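Scroll down for the structure; my scribbles are underneath it.
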DNA sequence: AATCAAAAATGACCGCGGTCAATTATAAAA
DNA sequence: TTTTATAATTGACCGCGGTCATTTTTGATT
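Protein chains in written order, with my numbering: chain C, 41 to 237; chain W, 41 to 237.
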């Protein structure tokens, strides 16, 4: 029987997470260094790794939280009325992930974990995202706005695939003036959701 | 005006690449260590990085070569007659990439580079793959086997997206007895290519 | 208050990728 | 042959993530 964590431990973990979030805000995700986190939190390096499996584990919490916040925004208001509106709703998520390759890599690494490690925030955020998408698609199917020959779950996973695709392409070029991921997404979703009578 | 490379240099590079390929064959891609490569090749560590930008640069050559070999096999014979046959033709590629996360990560990192660095083998392999897919899709469209309302280029890119999607999911679980990527791909392609009259 | 076992934290140490000023080999010019 | 510019190689060094045997702290028990 494992004992409940002591107060000190919870405080330490919270401090580590706060400090990490601050550094990310100052330097971005790519600028995050474990040594900086522990230095500013006033703990030893080993302590961080007793709270988080590895650096990715820490990032997963930070990013998971952020995705949850984005989902709050996405969920507010009525469901999208048609495919174009749905595409537009995904723009904030694309903008967020598109800002730093670190986010993309991490989400990809956790993106199929829907079963294992369900206690992780990032996993919960994934489940929530796919659930929300599925609900939206169901509504659009009922309204006759999109194809009805496929289950909404499959359509939702397909959208995830296209999201990652446009992001992958986005990170492969020096994105100076190129088409942002949000714009690149449209033709795929149009073709994917188009009604097939 | 940059001079032509000396014979010595070409030999060194070839040796490094051979040694690396051997180690990969023995230990797999994840087992490749730069220090091992230079030790067995009898050169200093710095030499490797004067021949390849970084470890990924070396991997890109090894993996690019392998993908080219796979494409040779794919291109042999007649183009697929229908969507299912096309799906089956992609299985060897999925099996190869699915064997090691290192391959997946690397290909993803280069997967949109179709424009920049066209001299890299891995980039050439990408162009070749998408070209081949496009050609096949065009044939299938003409034969009325798949949807004709979208350009074959878009359909080809969509297939890439689904390939990466099923691979991503594949790497996210302890793949003991789960459905292999090749089987997971079918429903997506079926829905993606289905004729829309 | 003294004792003790589990929890929490520590920091020296390691693995491994990548850098760069210094050194050596090469081939063309004098 | 000697000189000289540049191509090629070297290896000590660094950054950074991650480990683990050891030490310190904590809260319950006597």
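For every residue, glycine included, the Cβ atom is placed at its ideal position computed from N, Cα and C. Note that the structure is a prediction, hence the values are computed from the model and not measured.
Figure out for me which residue from 163/W, 207/W and 232/W has the closest Cα to the Cα of residue 189/W. 232/W
Which bits of chain C does residue 200/W rub up against, with CB to CB less than 8 Å? 205
Please decide whether residue 69/W counts as near chain C, where near means a Cβ-Cβ distance under 9 Å. no
Residue 104/C and residue 238/C - do their beta-carbons sit closer together than 9 Å? Outside the shown range of chain C (41 to 237) lies residue 238/C, about which nothing can therefore be said.
Just to confirm, are residue 88/C and residue 56/C a CB contact at a threshold of 9 Å? yes
Whole angstroms are fine: how far does the CA of residue 82/W sit from the CA of residue 63/W? 14 Å
Check for me: the alpha helix (DSSP H) holding residue 135/W runs from which residue to which? 131 to 138
Count the other C-beta atoms from every protein chain shown that fall within 10 angstroms of the C-beta of residue 213/W, then say buried if there are 16 or more, exposed otherwise. exposed
Here's the rule: buried if 16 or more other CB atoms are within 10 angstroms of the residue's CB, otherwise exposed. What is residue 196/W? buried
Taking 9 Å as the CB-CB cut-off, is residue 113/C touching chain W? no
Can you look up residue 124/W in the DSSP assignment and give me helix, strand or coil? helix
With a 10 Å radius around its C-beta and 16 neighbouring C-beta atoms as the bar for buried, classify residue 45/W as buried or exposed. exposed
Selected residue, minimal CA-CA separation from residue 257/C, among 186/C, 43/C, 133/C and 174/C: Chain C is shown from 41 up to 237; residue 257/C falls before or after that span and cannot be answered.
Grouping DSSP H, G and I as helix and E and B as strand, with all else coil, what is residue 161/W? helix
Buried or exposed (CB count within 10 angstroms, at least 16 for buried), residue 163/W: buried
Proximal chain C residues relative to residue 190/W, where beta-carbon distance stays under 7 Å: 231
Exposure of residue 205/W, with buried meaning 16 or more beta-carbon neighbours within 10 Å: buried
Partners in chain W for residue 148/C, counting only beta-carbon separations shorter than 7 Å: 208
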